[in-house]
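Just so you know, we're using my numbering here: the sequence shown kicks off at 82 and counts up by one.
Using N, Cα and C, we set each Cβ at its ideal position, and we do this for glycine too.
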Amino acid sequence: MDQPLISVIIPVYNMELYLERCLDSVLNNTYHNLEIICVDDGSKDRSLEILRRYEAADPRIVVIAKENGGVSSARNAGLDRMTGEYVCFIDPDDYVHPQYVELLYRSLSGTEARISICGYQTVDASTIDGIQESYSLDPGSVSVLSIVQIFKTQNLRAYCWGKLFLSELVSNRRFREDLRLAEDTAFVAEVCERAAINEAAVLSYPLYFYFQRDDSAVKVAKTSDLLQFGQVWTQTLLSCNRDDIYLDKALKWYLSVRYLSSHIYPDRDAVRECNRQLMTIQRYLPKTIIYGKKEKAAFLVFIRFPLIYWLHRVISDPSMWQWEMMERWKRREVKRKGHKSI
82 MDQPLISVII PVYNMELYLE RCLDSVLNNT YHNLEIICVD DGSKDRSLEI
132 LRRYEAADPR IVVIAKENGG VSSARNAGLD RMTGEYVCFI DPDDYVHPQY
182 VELLYRSLSG TEARISICGY QTVDASTIDG IQESYSLDPG SVSVLSIVQI
232 FKTQNLRAYC WGKLFLSELV SNRRFREDLR LAEDTAFVAE VCERAAINEA
282 AVLSYPLYFY FQRDDSAVKV AKTSDLLQFG QVWTQTLLSC NRDDIYLDKA
332 LKWYLSVRYL SSHIYPDRDA VRECNRQLMT IQRYLPKTII YGKKEKAAFL
382 VFIRFPLIYW LHRVISDPSM WQWEMMERWK RREVKRKGHK SI
């Protein structure tokens, strides 16, 4: 049986420390009919040199070199170039299991779903656990779940990686280049909404290895970036005919950003904007079917009384209180050192 061509899109910017590990993991996949599109987004280190070396050694690798435009611009350049029947995304500091592509494809082809999703494992520089040698597609290892379940489940986040898409779903969709944070989540949400995707094939195995760096975009995000991304959920909620996905994401996002802006990184303007957005979307609460009466009441209380939400956060996760105290101590130290230097 012939394998359909699958495009793998990898956006690259200054990733010389991790790039070879990523490329080796893709090239060693058990699924061979791949088109590996690596888009160098104006790297200033040796990334492009590494890509050219790999391109010369394996005809499946296609390198695109462009001026710096951000990760969304790089992924969009890959989408413009892809020719595969299916497409998946991998970030250059991450790596994948040898069966990543094969099992995503097999789990999708065995259902009527048009998107397949695998689990992932968070790793860092101290991770020493080895990769499990192989997985079999046993009965029960693949489930067809609704998009609502997927968006609301913490282990199945709406990143673009860890998923295989029919190319026709994304051929006319592009990543938003104005977003600095979680642009891939917005992309997946738009694909699901515009293509009327109601379910996906979910593979339980952790085939994607998400590498956490201290300088990752999420860890250095500004409050303005967080607010901008929240507005994506609000706009999608207001413009679509369903609230089962976007209301949950919008509410939790703005409550969390308000918490950060009130207690961790003080920003009165951000707090006011979060309150404004929460008042806009709370009108969906009475009619939504995704929450029961108790959940609806809890969200209304959280919206109107921020201190109760703060109490909920620190009680449900004591580490939040410890983190808050540490951040307050850091701010006091910065002020103290600033006064001494005057």
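Residue i - containing alpha helix (DSSP H), residue span
i, result
"G311", "T304 to S320"
"R173", "Correcting the residue type first, residue 173 is Pro in the shown sequence and not Arg. Unbroken run through P173: none, as it is neither H nor E."
"H393", "P387 to S397"
"R187", "Y181 to S190"
"D105", "L100 to L108"
Distance CB(residue i)-CB(residue j) smaller than 9 Å
i, j, result
"L332", "F386", "no"
"L307", "S153", "no"
"A342", "T304", "According to the sequence provided, residue 342 is Ser. The question's Ala does not apply to it. Taking 9 Å as the Cβ cut-off, S342 and T304 qualify as a contacting pair."
"R162", "I118", "yes"
"L100", "V182", "no"
"A263", "F310", "yes"
"Q293", "V223", "no"
"L86", "E166", "yes"
"P220", "M96", "no"
"S128", "Y94", "yes"
"Y390", "V382", "yes"
Cα-Cα separation between residue i and residue j, rounded to whole angstroms
i, j, result
"L29", "D126", "Residue 29 lies beyond the residue range present for the chain, which begins at 82 and ends at 423; the question has no answer from this structure."
"K480", "T315", "Outside the modelled stretch of the chain, which goes from 82 to 423, sits residue 480, for which no answer is possible."
"P92", "G123", "11 Å"
"K300", "L185", "With a pLDDT of only 47 at K300, under 50, the local geometry of the prediction cannot be trusted, and the value read off the model is given with reservation. Approximately 29 Å between the Cα atoms of the pair."
"V107", "I228", "27 Å"
"L226", "D105", "32 Å"
"V89", "V144", "12 Å"
"V395", "Q403", "9 Å"
"R195", "L247", "6 Å"
"D329", "S285", "24 Å"
"V168", "I212", "24 Å"
"A282", "T317", "24 Å"
"R141", "R102", "17 Å"
"S217", "Q180", "10 Å"
"N356", "P347", "15 Å"
"R255", "V272", "9 Å"
"E376", "Y135", "52 Å"
"L98", "I171", "16 Å"
"E414", "L359", "33 Å"
"Y340", "V352", "8 Å"
"M401", "K411", "15 Å"
"R349", "L388", "15 Å"
"L392", "Y201", "31 Å"
"S188", "A155", "28 Å"
"E148", "V120", "10 Å"
"T361", "S397", "27 Å"
"R275", "E249", "12 Å"
"H178", "K418", "48 Å"
"G191", "S197", "10 Å"
Opposing strand residues paired with residue i [DSSP bridges]
i, result
"I198", "K244 and V283"
"D90", "Reading off the sequence shown, one finds Ile at residue 90, where the question assumed Asp. Bridge partners of I90: I118 and F170."
"V204", "F292"
Near the ligand ZN: residue i beta-carbon under 8 Å from a heavy atom
i, result
"P287", "Absence of the ligand ZN is noted for the structure shown, with no ligands found whatsoever."
Below-9 Å beta-carbon distance, residue i vs any chain B residue
i, result
"L381", "Note that chain B does not occur in the displayed structure, where there is just one protein chain."
**OP:** Counting only runs of 4+ residues fully inside the region 219-288, write out the alpha helix (DSSP H) ranges in chain order.
**Re:** Counting only runs of 4 or more, we get 228-233, 248-251 and 264-275.
Original post:
Which full runs of the beta strand (DSSP E) of 3+ residues lie inside the region 121-171, going along the chain?
Top reply: Counting whole runs of 3 or more residues, the region 121-171 contains the beta strand (DSSP E) stretches 142-147 and 167-170.
**OP:** Taking only runs that begin and end inside the region 327-375, name each unbroken alpha helix (DSSP H) of 4 or more residues, in chain order.
**Re:** As far as the region 327-375 is concerned, its whole alpha helix (DSSP H) runs of at least 4 residues are 327-340 and 349-362.
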